[in-house]
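These protein sequence lines map, in sequence, to chains B and X.
In terms of the numbering used here, the first sequence has 420 at position 407, counting the first letter as 1, and numbering is strictly consecutive.
In terms of the numbering used here, the second sequence has 172 at position 77, counting the first letter as 1, and numbering is strictly consecutive.
Here the structure comes first, spelled out in structure tokens, and everything after it is commentary.
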Amino acid sequence: MSIENLDNKSYKEGFNTEVEVDSLPPGLTEQTVKQISQIKNEPNWLTEFRLKSFKRWKEMSEPDWAELNFPNIDYQALSYYSAPKYRSKDDIPQEILDTFEKLGVPLHERDALLGIEKDSKVIPTVAVDAVFDSVSIATTFKAELEKHGIIFCSISEAVQQHPELVKQYLGSVVPYTDNYFACLNSAVFTDGTFCYIPKGVRCPMELNTYFRINARNTGQFERTLIIADDDSYVSYLEGCTAPAYDENTLHAAVVELVAHDRAEIKYSTVQNWYPGDENGVGGVYNFVTKRARCQGVNSKVSWTQVETGSAVTWKYPSCVLKGEGSVGEFYSVAVTKGKQQADTGTKMIHLGKNTKSTIISKGISFGDSTNTYRGMVKVNPGAHNARNYTKCDSLMLQDSRALTIPYVTCENNSAILEHEASAGKISEEQMYYLQSRGLTEDDAMNCVVNGFCKDVFQKLPLEFAAEANKLLGVTLEGAVG
Amino acid sequence: MLKLTNFSVQDILQNINVQFDEGKTYVIMGKNGVGKSTLIHSIMGRPDLETEGSIEFLDQDISELSVDERARLGIFVSFQTPVSIPGLSNFQFIKQSLDIKMPEMKAKLDNFKTLSSQMNLPADWDKRNLNTDASGGEKKKNELIQLLMLDKKFAMLDEPDSGLDVDGIKTLVEQLNNWKNKNNTLVVVTHYEQLIQGLNPDAVIVLQKDTVKVGDKSLAEQIFNNGFDNV
């Protein structure tokens with residue numbers, strides 16, 4: 014089976030959903046920004062935040078330093094708001110529920126479970142916030158979580174119900190001036206997830222947001238904000254898919270995490286945005302700014318990502334290690350095939366004393382793709398006893414491009430930084446050995462690749478480790494030969 | 096069981112004719128570099144070894160079959176230097192090879208642990224990465240466990256004794272003799288007298304570039320006494 018056999022059919026999430034929508038016409042002006050704010054009934058301070066960002070965005074220019082090659086984006090040709098039409102949350106169109114069902118995301122049934130009183134010993138393990146295009150459709154188990162004081166809802170709802178919290182933290186980790194795409198996002202973001210875990214609370218279930226892009230020619234600008242107060246814990250996972258369209262879709266999200274004293278946030282992503290066809294036509298541009306501030310003493314944030322989709326992936330989930338003894342971790346598996354391109358990695362910024370960071374990055378590339386790891390480890394003068402361990406491994410199947418670009422800056426000589434890297438192919442010897450035990454070529458390859466990714470998969474929440482494994486298997490189909 | 100007729104492998108082996116029968120044990124000997132491993136791996140079907148001539152397994156021509164197809168028919172090879180596969184544990188490998196389903200999982204794992212403890216392998220052997228950070232002897236023992244757990248008819252062992260200590264050899268002989276039955280065939284490449292004695296082979300095959308000499312155990316004794324050149 015050769016690479017040339019890959020086509021849209023193998024991206025099973027490539028279907029689209031026919032549903033009535035409210036949308037703004039294409040184009041981006043100050044008026045568009047005001048309209049978005051108006052549709053969402055936002056308070057003045059937020060409208061001002063958007064307008065300030067939009068003004069700044071117009072003065073900025075698109076960055077071009079990445080190892081990425083894509084045609085210029087026409088920002089005026091995109092629509093910045095598209096939401097499915099329905100009256101109330103109880104009135105969600107069946108087509109949308111069906112979409113999430115088809116994608117394996119449980120929604121309605123779980124809601125029904127909560128209503129059945131006698132079934133109170135059914136302990137939910139996953140709460141889901143489903144975002145369809147620009148809008149959060151449903152969030153399950155909100156009531157259950159509220160009993161613990163946990164807020165888990167869409168950002169739009171948080172702006173209405175908990176404006177003080179949003180105002181305090183929005184833009185505090187990723188300022189609107191940070192970069193071109195974050196600035197654009199700050200002007201036109203529509204929805205995303207908001208989560209607040211109060212002091213001393215360990216969130217009793219996995220929180221899960223599922224992003225589904227459906228409308229054509231729209232930009233998707235999610236904004237997610239997660240705050241873990243002192244001594245709290247939360248594990249959050251986001252999943253992403255999109256239909257197979259010929260046009261490129263821009264996904265420019267911003268995720269901000271704040272961890273206070275002794276708090277821990279685990280943030281996992283399984284991304285399978287439509288990657289484009291074998292000629293590189295269509296596909297999602299995934300330009301995301303994700304950053305965590307480990308504000309508190311002994312706070313900890315772990316980023317785990319499995320990226321298999323997108324035409325172009327450009328993201329560096331990072332940690333600012335401010336609190337003394339804080340810990341930042343980054344575990345990543347990034348797969349590129351066909352004409353996909355990825356320039357991804359992380360930034361670990363050590364500011365406080367005794368901070369620690371771990372980076373494990375696995376890149377798998379085949380076909381004509383380019384897979385670049387770009388990572389920064391920065392130790393500031395005040396970061397006594399900083400520790401970093403970085404391991405970047407590249408696995409190249411067939412002729413593809415893999416690059417590793419580490420930036421290491423150390424301004425404190427009590428720091429210890431370790432960096433290991435490897436690059437290689439799957440050896441014929443390994444394939445032969447596995448096949449001599451009866452494994453087919455595809456299974457043998459899966460074995461080797463899974464072994465390669467094991468360190469990262471182990472960090473995913475249990476339910477999703479299995480999903481990630483499956484996704485990797487599907488992604489690699491036909492990679493041999 | 097397996098028959099080679101006018102079988103050649105590139106310019107290493109020419110026109111080899113040999114037959115292996117069910118229920119029998121064979122020892123293959125030969126000078127270093129003559130092509131013993133080559134012969135074994137070409138029977139397994141290693142893709143880089145071009146062969147000519149006929150190779151029949153259970154009366155079926157298998158020359159066009161891939162490695163994994165031959166494995167599934169029941170052919171097994173124990174490697175001289177098994178390759179390491181990081182991230183894949185020893186038991187997981189067996190799980191994949193046997194395609195073990197949930198109901199049988201515990202029984203198979205217990206079986207694995209029993210075998211590895213019989214061979215004096217560390218208690219966490221099932222979790223260790225395949226052939227990674229293992230001594231030569233440990234890797235050989237792992238190969239043996241695979242043979243014992245996978246249901247194979249035709250087993251070829253390439254110097255299974257190298258790296259094993261005295262106890263290891265004893266266990267190897269015991270386990271192999273246990274494994275042998277009237278329906279399978281064991282082929283062992285070795286120069287180790289103790290092993291040959293213990294296995295009590297039905298035939299000893301001395302491989303040369305373009306021919307094989309077949310004899311009984313006394314042929315092995317002859318080689319030990321007088322070397323290969325007087326065969």
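Backbone N, C-alpha and C define an ideal beta-carbon position, used for all residues, glycine too.
Note that the structure is a prediction, hence the values are computed from the model and not measured.
Taking a C-beta cut-off of 8 Å against chain X, the contacting residues of the stretch 444-469 of chain B are Y445, Y446, L447, Q448, S449, R450, G451, L452, T453, E454, D456, A457, C460, V461, N463, G464, F465, C466, K467 and D468, listed in chain order. Taking a Cβ-Cβ cut-off of 9 Å, the neighbours of F174 of chain X in chain B comprise Y446 and S449, given in sequence order. Secondary structure note for D356 of chain B: its beta strand (DSSP E) is the uninterrupted segment Q354 to H363.
Residue environment for W58 of chain B: exposed (fewer than 16 other C-beta atoms within 10 angstroms of its C-beta).
Taking 9 Å as the cut-off between beta carbons, the residues of the stretch 121-143 of chain X near chain B are H136, M139, G140, R141, P142 and D143, in sequence order.
Here G140 of chain X is buried. Its C-beta has 16 or more other C-beta atoms within 10 Å. F115 of chain X sits in a strand when the DSSP states are folded into three classes. Using a Cβ-Cβ cut-off of 8 Å, E442 of chain B counts as an interface residue toward chain X, since at least one Cβ of chain X sits closer than that to its own. Boundaries of the alpha helix (DSSP H) around S211 of chain X: M197 to Q213.
Counting only runs of 3 or more residues that sit fully inside the stretch 172-220 of chain B, the beta strand (DSSP E) segments are 206-210, in chain order. The Cβ of A166 of chain X sits closer than 8 Å to at least one Cβ of chain B. DSSP links L193 of chain X through a beta bridge to no other residue. For the C-beta of S192 of chain X, the chain B residues within less than 7 Å are, from N- to C-terminus, R450, G451 and L452. Under the three-state reduction of DSSP, V301 of chain B is assigned to strand.
Taken atom to atom, the span from the alpha-carbon of S382 of chain B to that of L144 of chain X is near 32 Å. Distance between L475 of chain B and L252 of chain X, taken at the CA atoms: about 39 Å. Annotated as distal: Y182 of chain B and R69 of chain B, with beta-carbon spacing of 8 Å or more. If you draw a straight line from the Cα of D221 of chain X to the Cα of K180 of chain B, it comes to about 53 Å. Here the alpha carbons of A200 of chain B and R63 of chain B stand approximately 4 Å from one another. For Q241 of chain X, the chain B residues whose C-beta falls within less than 8 Å of its own C-beta are R450, listed in chain order. Linking A195 of chain B to Y209 of chain B through their CA atoms gives a straight-line distance of about 22 Å. Bounds of the alpha helix (DSSP H) holding F319 of chain X are K312 to N321. In this structure, X:L281 is the residue among X:F319, X:L281 and X:Q317 with its C-alpha nearest to the C-alpha of V122 of chain X. Here Y193 of chain B is near M73 of chain B, since their CB atoms are less than 8 Å apart. Measuring C-alpha to C-alpha distances from S66 of chain B to each of B:I164, B:L178 and B:G184 identifies B:G184 as the nearest. Close CB contacts of D297 of chain X within its chain, under the 6 Å cut and outside five residues either way in sequence, are with K119 and T120 (chain order). CA-CA distance, N325 of chain X to L108 of chain X, rounds to 20 Å. Identification of chain B residues near I180 of chain X by a Cβ-Cβ cut-off of 8 Å yields Q443, Y446, L447, C460, V461 and G464, ordered along the chain.
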